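Chemist:
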Amino acid sequence: MDPRLPDDTPADVRRHFEEYVKAEHKRHDAEMSKIDKAYQEKKAAKQQQIAAIKQDDRYKAHIRQLLVYNAEEEIQGIVNNVEHSGKRLAESTGRLAEKVQELRESEATVLAQSRKETSENMARYNKLREQGQNGASKEGDEVRACYDHILAEEKTRLAAEVERVAAGMYREDHGEDYGEDQ
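Following this note's numbering from start to finish, the sequence shown increments by one per residue and tops out at 191.
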C-alpha cells in the first residue's frame with residue numbers, strides 16, 4: 010500500500026517519508042539488537058565451553074603431553090649436538106695423535122743422530138785427551154758445547170712444530186685461533 014495518496018500535499022509526502030524512515034530505523038535497530046543479543050549469547054556459550062574444556066582432565070593431560078613432547082624434542086636436539094661435537098672432538102684428537110706420533114718419530118731420529126754425533130765427538134775428545142795434547146780439553150769442551158747447543162735448538166724446533174700443528178688443528182675445528190677472545 011502506497012502511503013502517498015493522490016491528494017497528498019508535499020508536506021504530507023514529507024511527513025509520510027519521515028515516518029517511513031523512522032519505522033525503518035526502528036526495524037533495523039530491532040534486527041541489530043536481535044543479532045547482537047544472539048552474538049553475545051553465542052560468545053558467552055563459547056567462553057563457557059572453553060572454560061569447561063580447560064577444566065577437563067583430558068585437556069590438561071593433552072597440554073602436559075604436548076609440553077613433554079616439546080621437552081623431549083629439545084633434549085634430543087641437545088643430545089644430537091653433543092654427539093656431533095663428540096665425534097668432531099674424537100676426529101681432532103685422532104689427527105692430533107697422528108701428528109704427535111710423527112713428531113715423536115722425527116724427534117727420535119734427530120736425537121739418535123745427535124747422540125751418534127755426540128758419541129763420536131766424545132770419543133774424539135777422549136782420544137785427544139789421552140794423547141795429552143794441550144788444547145785437547147778445550148777443543149773437546151767446545152765440541153760438546155756445540156752439540157749440546159744443536160740438540161737444544163732441535164728440541165725447541167720440535168716443540169714449536171708440535172705447537173704449530175696443534176694450533177692449526179684447533180683453527181680447523183673451531184674456525185678461530187687458539188686463545189682468541191670470543
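In this text, a Cβ means the ideal position worked out from N, Cα and C, and glycines have one as well. Being a predicted model, the structure only gives us computed values, none of them experimental.
1) Distance check for arginine 67 and glutamate 81, CA to CA, integer angstroms please.
2) Out of curiosity, what's the CA-to-CA distance linking glutamate 27 and lysine 51?
3) Under 8 Å between the Cβ atoms of valine 109 and glutamate 163?
4) What does a CB cutoff of less than 7 Å around tyrosine 193 pick up in its chain, not counting 5 residues either side in sequence?
5) Using three-state DSSP, classify glycine 184 as helix, strand or coil.
6) Would DSSP call threonine 127 helix, strand or coil?
7) What number of angstroms, rounded off, separates the C-alpha of histidine 158 from the C-alpha of leucine 167?
8) What does the alpha-carbon distance come out to for the pair asparagine 135 and valine 152?
9) In three-state DSSP terms, what is threonine 18?
10) Rounded to a whole number of angstroms, what is the C-alpha to C-alpha distance between alanine 39 and proline 19?
11) Would methionine 178 and arginine 133 qualify as a contact pair, given that the criterion is a beta-carbon distance under 8 Å?
12) Could you tell me if lysine 96 is buried or exposed, where buried requires 16 or more neighbouring beta carbons within 10 angstroms of its beta carbon?
13) Since I believe leucine 112 is in contact with glutamate 172 (beta carbons under 8 Å), could you give me their beta-carbon distance rounded to a whole number of angstroms?
Modeler: Based on what the coordinates show:
1) Residue numbering aside, residue 81 sits at position 72 when the sequence shown is read from its first letter. Residue numbering aside, residue 67 sits at position 58 when the sequence shown is read from its first letter. Looking at the two C-alpha atoms, the distance is approximately 21 Å.
2) As a first step, residue 27 must be located in the sequence shown, where it is residue number 18. As a first step, residue 51 must be located in the sequence shown, where it is residue number 42. Straight-line Cα distance between these residues: approximately 36 Å.
3) Indexing the sequence shown from 1 puts residue 109 at position 100. Indexing the sequence shown from 1 puts residue 163 at position 154. Cβ distance not < 8 Å, so valine 109 and glutamate 163 don't count as in contact.
4) An answer regarding residue 193 cannot be provided, because it is not within the stretch 10 to 191 covered by the chain.
5) One-based indexing of the sequence shown puts residue 184 at position 175. Reduced to three states, the DSSP call for glycine 184 is coil.
6) Sequence index remark: in the sequence shown, residue 127 carries index 118 (1-based). If DSSP states are grouped into helix, strand and coil, threonine 127 belongs with the helices.
7) Start at 1 with the first residue of the sequence shown, and residue 158 comes out as number 149. Start at 1 with the first residue of the sequence shown, and residue 167 comes out as number 158. Those two C-alpha atoms are separated by around 14 Å.
8) Start at 1 with the first residue of the sequence shown, and residue 135 comes out as number 126. Start at 1 with the first residue of the sequence shown, and residue 152 comes out as number 143. Roughly 12 Å separates the two Cα atoms.
9) Counted from its first residue, the sequence shown places residue 18 at position 9. Correct three-state label for threonine 18: coil.
10) Reading the sequence shown from its first residue, position 30 is the one you call residue 39. Reading the sequence shown from its first residue, position 10 is the one you call residue 19. Their backbone Cα atoms lie some 30 Å apart in a straight line.
11) On the sequence shown, residue 178 is found 169 positions in, with the first residue counted as 1. On the sequence shown, residue 133 is found 124 positions in, with the first residue counted as 1. Going by C-beta atoms, methionine 178 is not nearer than 8 Å to arginine 133.
12) Taking the sequence shown and counting its residues from 1, the one referred to as residue 96 is at position 87. Flag for lysine 96 reads exposed.
13) The count along the sequence shown starts at 1 and reaches residue 172 at position 163. The count along the sequence shown starts at 1 and reaches residue 112 at position 103. That pair is no contact at about 10 Å.
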